[in-house]
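These notes are about the structure you will find just below.
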Amino acid sequence: LLWHFTVNNDIEFSIVKAENGGERVVWPKVTLTSLQAPEQGFIKCDLGKYKIRFVSPKNSWFPTKLHYVVEFRPDCQ
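Residue 63 is where the sequence shown starts when you use our numbering, and the numbers rise one by one after that.
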């Protein structure tokens, strides 16, 4: 699972996997301030459902702009 994103404000980013009626954290929640510098990474995944979460931690009058690409590549090592 590969990701690449930019954001203009603080954002909380995490990845969880659905398991046994609950969720297991596979990429811990981190607060990022990219300010248009790209954030990117990857994890090796097992078969299953994953949730990629972007949460704006601030209540603000200014919108948070997020541009992202997420790709699952079964051939990626």
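Ideal Cβ positions, reconstructed from N, Cα and C, are used throughout, including at glycine.
Note that the coordinates shown come from a computational prediction; the quantities given were computed from them, not determined experimentally.
query: Measure the Cβ-Cβ separation of PRO125 and THR93 and say whether it is below 8 Å.; result: no
query: Are VAL78 and VAL69 close, meaning C-beta to C-beta below 8 Å?; result: no
query: Would DSSP call ALA80 helix, strand or coil?; result: strand
query: Quick one: what does DSSP say ILE114 is sitting in, helix, strand or coil?; result: strand
query: Around the Cβ of PHE67, are there at least 16 other Cβ atoms within 10 angstroms (buried) or fewer (exposed)?; result: buried
query: Considering only their Cβ atoms, is the gap separating PHE116 from ILE73 smaller than 8 Å?; result: yes
query: Can you tell me which of TRP65, LEU63 and ASN71 puts its alpha carbon nearest to the alpha carbon of SER122?; result: ASN71
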